[in-house]
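> For reference, the structure I am asking about is given below.
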Amino acid sequence: MIAKPPPDRRLQLDPDELGLSEAARSFYLRGTVAVARGLIGAYLARRWRGRWYGARIVETEAYLGAGDAAAHSFGGRRTPRVEPMYAEGGTLYVFFVYGMHSCVNVVTGRAGHAEAVLLRAAEGPDGVARLLAGPGKLCAAMGITVADSGRDLVGGREVALFLRRRARRPRIGVSPRIGVDYAGEASAWPLRFFDLDSPAVSRRSSAR
DNA sequence: CACATGATCGCCT
DNA sequence: GGCGATCATGTGG
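Encoded structure:
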């Protein structure tokens, strides 16, 4: 049996103490851009040996499916790797790139639409932020791998997404997506969202 | 600060 | 056979 990588111990959290409640299915069934914005300030969490580990999401990108040249599902591409993108909103889509990094996405909308939100950075306790600033680093710190691809977040007992009750709306900045220069005009679409007040954003943003 | 490069391999062509 | 939804490190200004 393959051992799953543990999350960073410093990310341990108590959902009750933080005033967190799990996101319902309906959260994921709105437009992808709305979900990408709504995920700023939410907590991605993973259970490991009975305890929760997680961090507050501060940077996301929307990928808009068949019509988006930057999306893995561009043109309706449907392969075993991409298959989870076609599942119901609330499913995880994790892929492996550059021979060494995993990246985690949250699928949005109804099954068959293949849209998703890439989680690019999160904020942890002091000193851990640098570990979470970037999609590959975020996955590594959380211990998330392609073995988690296809998992359902809703009611998930291993990986879950929590919203903060009574949260103030974060101030959100917008810019083009990172690392998709090959995608023609889609590379300029304003689909990256980040918390303007977080020091943990993966790259200091130009756009304000 | 702005590039430039290497590492490393699964996936698609 | 080529390249990528990345990252760390190195160079030069």
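Under the numbering used here, the first residue of the first sequence carries the number 362, and numbering increases by one thereafter.
All residues carry an ideal CB built from backbone N, CA and C; glycine is no exception.
(1) Is it true that the CB of Val468 sits closer than 9 Å to the CB of Met503?
(2) Note down, one range per segment and in chain order, each beta strand (DSSP E) of at least 3 residues found wholly within the stretch 385 to 441.
(3) In three-state DSSP terms, what is Arg569?
(4) Check whether the Cβ atoms of Ala397 and Val515 sit closer than 9 Å, and answer yes or no.
(5) Over what stretch of residues does the beta strand (DSSP E) that includes Asp556 continue unbroken?
(6) Alpha carbon to alpha carbon, what distance is there between Thr421 and Val465?
(7) Which term fits Ala568, buried or exposed, when burial requires 16 or more other beta carbons within 10 angstroms of its beta carbon?
(8) Give every residue of the same chain whose Cβ lies closer than 7 Å to the Cβ of Pro327, excluding the five residues on either side of it in the sequence, and list them in chain order.
(9) Could you tell me the distance, in whole angstroms, from the CA atom of Ala549 to the CA atom of Pro537?
(10) Val465 bridges to which residues according to DSSP?
(11) Tell me whether Val443 is buried or exposed, calling it buried when 16 or more other Cβ atoms sit within 10 Å of its Cβ.
(12) Which residue wins for smallest C-alpha separation from Ala395, given the options Thr506, Gly540 and Tyr424?
(13) Of all the options Arg417, Tyr389, Arg391 and Leu390, which has the alpha carbon lying nearest to the alpha carbon of Leu379?
(14) Skipping 5 residues on each side, what residues in its chain have a beta carbon closer than 8 Å to that of Val507?
(15) Where does Asp513 sit, in a helix, a strand or coil, going by DSSP?
(16) Does DSSP put Ser548 in a helix, in a strand, or in coil?
(17) As a quick exercise: from Gly495, Pro376 and Ala475, pick the residue whose alpha carbon is nearest that of Gly327.
(18) Taking 8 Å as the threshold, find out whether the stretch 430 to 439 comes into contact with the stretch 487 to 502 through three or more Cβ pairs.
(19) What residue does the beta strand (DSSP E) around Arg491 start on, and which one ends it?
(20) Glu378 lies in the alpha helix (DSSP H); which residues open and close that run?
(21) Confirm, please, whether the CB-CB distance from Trp409 to Pro441 is below 9 Å.
Taking the structure as given:
(1) Reading the first sequence from its first residue, position 142 is the one you call residue 503. Reading the first sequence from its first residue, position 107 is the one you call residue 468. Cβ atoms of Met503 and Val468: not closer than 9 Å.
(2) 404 to 409 and 412 to 424
(3) Position 208 of the first sequence, counted from the start, is the residue given in the question as residue 569. Note on Arg569: pLDDT 37, under 50, position unreliable in the model; no value is reported.
(4) Position 36 of the first sequence, counted from the start, is the residue given in the question as residue 397. Position 154 of the first sequence, counted from the start, is the residue given in the question as residue 515. Cβ atoms of Ala397 and Val515: not closer than 9 Å.
(5) Locating residue 556 in the first sequence gives position 195, where the first residue counts as 1. Counting along the chain, the beta strand (DSSP E) containing Asp556 begins and ends at Arg553 to Asp556.
(6) Position 104 of the first sequence holds residue 465. Position 60 of the first sequence holds residue 421. When rounded, the distance between both Cα atoms is 10 Å.
(7) Taking the first sequence and counting its residues from 1, one reaches residue 568 at position 207. Residue placement at Ala568 is flagged as unreliable, the pLDDT there being 41, under the threshold of 50; the coordinate-derived value follows with that caveat. Result: exposed.
(8) Since the first and last residues shown for the chain are 362 and 569, residue 327 lies out of range.
(9) Along the first sequence, read from residue 1 onward, the residue named residue 549 stands at position 188. Along the first sequence, read from residue 1 onward, the residue named residue 537 stands at position 176. Answer to the nearest angstrom: the Cα atoms are 5 Å apart.
(10) Counted from its first residue, the first sequence places residue 465 at position 104. In the DSSP secondary-structure assignment, Val465 is bridged to Val455.
(11) Working through the first sequence from its first residue, we reach residue 443 at position 82. Burial call: buried.
(12) Position 34 of the first sequence, counted from the start, is the residue given in the question as residue 395. The shortest C-alpha separation from Ala395 is found at Tyr424.
(13) Mapped onto the first sequence, residue 379 falls at position 18. When only C-alpha atoms are compared, the closest one is Arg417.
(14) Stepping through the first sequence from its first residue, residue 507 is reached at position 146. Contacts found: Val455, Phe456, Phe457 and Ser463.
(15) Here residue 513 corresponds to residue number 152 of the first sequence, with the count starting at 1. Residue state, collapsed to three classes: strand.
(16) Looking up residue 548 in the first sequence gives position 187. Here Ser548 sits in helix by DSSP.
(17) Since the first residue of the chain shown is 362 and the last is 569, residue 327 is not available in this structure.
(18) no
(19) Within the first sequence, numbered from 1, the residue matching residue 491 stands at position 130. No beta strand (DSSP E) holds Arg491; the alpha helix (DSSP H) holding it covers Ala490 to Leu493.
(20) In the first sequence, counting from the first residue as 1, residue 378 sits at position 17. Glu378 -> alpha helix (DSSP H) spans Pro376 to Leu379.
(21) Within the first sequence, residue 441 is the residue found at index 80, counting from 1. Within the first sequence, residue 409 is the residue found at index 48, counting from 1. Against a cut-off of 9 Å, the Cβ pair of Trp409 and Pro441 comes out as no contact.
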